[in-house]
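Asks:
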Ligand SMILES: [Zn+2]
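In my numbering, the protein residues as written are 1388 to 1765.
#1: Give every residue of the same chain whose Cβ lies closer than 6 Å to the Cβ of residue 1627, excluding the five residues on either side of it in the sequence, and list them in chain order.
#2: What beta strand (DSSP E) runs, 3 residues minimum, are completely inside the segment 1612 to 1691?
#3: State whether the segment 1611 to 1622 contacts the segment 1656 to 1665, with contact taken as three or more CB pairs (one from each stretch) at a distance under 8 Å.
#4: Within a Cβ cutoff of 6 Å, which residues of the same chain sit near residue 1739, ignoring the five residues on either side of it in sequence?
#5: For residue 1610, which residues does DSSP report across the bridge?
#6: May I have a chain-ordered list of the beta strand (DSSP E) segments no shorter than 3 residues that lie completely inside the segment 1539 to 1609?
#7: Among 1609, 1477, 1488, whose alpha-carbon lies nearest the alpha-carbon of residue 1470?
#8: Using a threshold of 7 Å, state whether the C-beta atoms of residue 1762 and residue 1605 are closer than that.
#9: By the DSSP assignment, the alpha helix (DSSP H) with residue 1738 in it spans what residues?
#10: Taking the straight line between their C-alpha atoms, what separation do you get for residue 1564 and residue 1688?
#11: Is the distance from the Cβ of residue 1601 to the Cβ of residue 1573 below 7 Å?
#12: Could you check the C-alpha separation between residue 1727 and residue 1672 for me, to the nearest Å?
#13: Beta-carbon within less than 6 Å of residue 1485's beta-carbon, same chain only, minus the 5 sequence neighbours each way: which residues are those?
#14: Could you tell me the distance, in whole angstroms, from the CA atom of residue 1756 to the CA atom of residue 1736?
#15: In or out: residue 1696 buried (at least 16 other Cβ within 10 Å) or exposed?
#16: Judging by CA-CA distance, which residue of 1527, 1503, 1505 is the nearest neighbour of residue 1514?
#17: So, with DSSP's three-state summary, where would you put residue 1701?
#18: How many Å lie between residue 1707 and residue 1531 at the Cα?
#19: What do you reckon, are the CB atoms on residue 1547 and residue 1747 nearer than 7 Å?
#20: Identify which residue in 1692, 1608, 1732, 1647 has its Cα closest to the Cα of residue 1595.
#21: Tell me which same chain residues have a C-beta within less than 7 Å of the C-beta of residue 1537, skipping the five on either side of it?
#22: Whole-angstrom Cβ separation of residue 1669 and residue 1603, contact assumed at under 8 Å?
#23: What residues are listed by DSSP as bridge partners for residue 1715?
#24: For residue 1701, tell me which candidate among 1715, 1589, 1690 has the shortest Cα-Cα distance.
#25: Can you tell me whether residue 1732 sits near ligand 1, meaning its C-beta is under 6 Å from at least one heavy atom of the ligand?
#26: On the DSSP letters alone, give me the boundaries of the alpha helix (DSSP H) that residue 1474 sits inside.
#27: Just curious, the alpha helix (DSSP H) that residue 1509 is in, first and last residue?
#28: Verify whether the separation of the beta carbon atoms of residue 1690 and residue 1711 is less than 7 Å.
#29: Can you tell me which of the three DSSP states residue 1721 falls into?
#30: Could you check which residue in 1741, 1577, 1591 has the C-alpha nearest to that of residue 1774?
#31: Kindly indicate which three-state DSSP category residue 1528 falls into: helix, strand or coil?
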């Protein structure tokens, strides 16, 4: 045996190449693999960093509803297109959707770079193993040097991707935020089902929801009061399915210990359709334009589940998987009039939960929502 092995190669012997040298490296690769993907953002995650930027102006006197409502034009153009056919029509709402989709493209490119660097690092380790098994010490030295460089490159690419992911929520928020002077204020109160006020201050899912709605809604364009104060009832039940009551204009949520901001925001979407019936009409027209001549079917059939009541029907269109509820069709007990839609409710919810995934998965729906709450989609 040669006696010229230096300390570094001495620990790499034929007897234990995997145990002593390669296994720790493979473990390092495994740890690398678990960088967060763009869809790993849990509900609230994407806004966790963005929301503190919002500072509501307290104690602003409530203004009267504006007399001008510019949301009555039926939605036309690319916002009615199916996801696969969507293209920007250059409108402000479409440009915001493009901005969100651009974030997804950048994230995908950085992830591809990180994956490629990881694969190159892995290959460099295989070269180490090969040289070691061959007993070719000069080749092993060279392979170890290459492995070190590949590892550094993989770390660099991984860091770039992770940094981008960390900044994405703030970037998405800056795309969606309306200028300060055009923001309204959502200030929901929180009341127990018995009518007894449960909280001195609203629970977090309400304050988060209020902050989000205040940040993304141009109250003047939407044609609602500058200050909107939804009444929210929390049930004692932890399994209550949240709903909006159009007779009382109130939002009903489950027990506050289990309720989520996304649910409150969804119900606020129904409230907005209630406050501005033009929006309700627009949303029905938009859904009908998307669905074409598709006849409503059972939501359970569409979703291949049993989570809906037998009388709940809707159109499947090509709404996102997991978001088929957008196509729900409401018919009053007399069977004549549509009195509600899920278009704005699921849209606001999607915009809050993961605006980038929403813009990628159904850009036309995202564009429609932004045109309604911020303008520029007509
Ligand atoms: Zn709903």
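All C-beta atoms, glycine included, are put in the ideal place defined by N, C-alpha and C.
Just so it is clear, the structure is predicted and the values come from calculations on it, not from any experiment.
Replies: So, from the data block:
#1: Translated into the one-based positions of the chain shown, residue 1627 becomes position 240. So the qualifying residues of the chain are 1641.
#2: 1618 to 1621, 1630 to 1632, 1637 to 1640
#3: yes
#4: Within the chain shown, residue 1739 is the residue found at index 352, counting from 1. 1599, 1649, 1652.
#5: Against the chain shown, residue 1610 aligns to sequence position 223. Answer is none; residue 1610 lacks a bridge partner.
#6: 1576 to 1579
#7: Position 83 of the chain shown holds residue 1470. Of the candidates 1609, 1477, 1488, the one whose C-alpha sits nearest the C-alpha of residue 1470 is 1488.
#8: Working through the chain shown from its first residue, we reach residue 1762 at position 375. Working through the chain shown from its first residue, we reach residue 1605 at position 218. Yes, the Cβ-Cβ distance between residue 1762 and residue 1605 is below 7 Å.
#9: Within the chain shown, the letter at position 351 stands for residue 1738. Residues 1730 to 1740.
#10: Counting from 1 along the chain shown, the entry for residue 1564 is found at position 177. Counting from 1 along the chain shown, the entry for residue 1688 is found at position 301. Roughly 38 Å separates the two Cα atoms.
#11: Here residue 1601 corresponds to residue number 214 of the chain shown, with the count starting at 1. Here residue 1573 corresponds to residue number 186 of the chain shown, with the count starting at 1. Closer than 7 Å, so yes.
#12: In the chain shown, the residue the question calls residue 1727 occupies position 340. In the chain shown, the residue the question calls residue 1672 occupies position 285. Spanning the two alpha carbons is a distance of roughly 12 Å.
#13: The count along the chain shown starts at 1 and reaches residue 1485 at position 98. Answer for residue 1485: 1475, listed in chain order.
#14: As a first step, residue 1756 must be located in the chain shown, where it is residue number 369. As a first step, residue 1736 must be located in the chain shown, where it is residue number 349. About 10 Å.
#15: Position 309 of the chain shown holds residue 1696. Result: exposed.
#16: For the purposes of this step, residue 1514 is taken as the residue at position 127 of the chain shown. Of the candidates 1527, 1503, 1505, the one whose C-alpha sits nearest the C-alpha of residue 1514 is 1527.
#17: For the purposes of this step, residue 1701 is taken as the residue at position 314 of the chain shown. It is a strand residue.
#18: Stepping through the chain shown from its first residue, residue 1707 is reached at position 320. Stepping through the chain shown from its first residue, residue 1531 is reached at position 144. Cα-Cα distance, rounded: 48 Å.
#19: The residue you call residue 1547 lines up with position 160 of the chain shown. The residue you call residue 1747 lines up with position 360 of the chain shown. Cβ distance not < 7 Å, so residue 1547 and residue 1747 don't count as in contact.
#20: Locating residue 1595 in the chain shown gives position 208, where the first residue counts as 1. Of 1692, 1608, 1732, 1647, the residue nearest in Cα terms is 1647.
#21: Counting from one through the chain shown, the residue named residue 1537 turns up at place 150. 1507, 1508, 1511.
#22: As a working mapping, residue 1669 is identified with position 282 in the chain shown. As a working mapping, residue 1603 is identified with position 216 in the chain shown. With 8 Å as the limit, residue 1669 and residue 1603 do not qualify as a contact, their Cβ atoms being about 18 Å apart.
#23: The residue given as residue 1715 occupies position 328 in the chain shown. Paired residue(s): 1701.
#24: The residue given as residue 1701 occupies position 314 in the chain shown. Here the closest residue by C-alpha is 1715.
#25: Indexing the chain shown from 1 puts residue 1732 at position 345. Indeed, a heavy atom of ligand 1 lies less than 6 Å from the Cβ.
#26: Within the chain shown, the letter at position 87 stands for residue 1474. No alpha helix (DSSP H) holds residue 1474; DSSP gives it neither H nor E.
#27: Within the chain shown, residue 1509 is the residue found at index 122, counting from 1. 1479 to 1521 is the extent of the alpha helix (DSSP H) around residue 1509.
#28: Your numbering for residue 1690 matches position 303 in the chain shown. Your numbering for residue 1711 matches position 324 in the chain shown. The answer is yes: Cβ separation under 7 Å.
#29: For the purposes of this step, residue 1721 is identified with residue 334 of the chain shown, where counting begins at 1. Three-state result, residue 1721: coil.
#30: The structure shown does not extend to residue 1774, since the chain spans only 1388 to 1765, so no value can be given for it.
#31: Locating residue 1528 in the chain shown gives position 141, counting from the first residue. Residue state, collapsed to three classes: helix.
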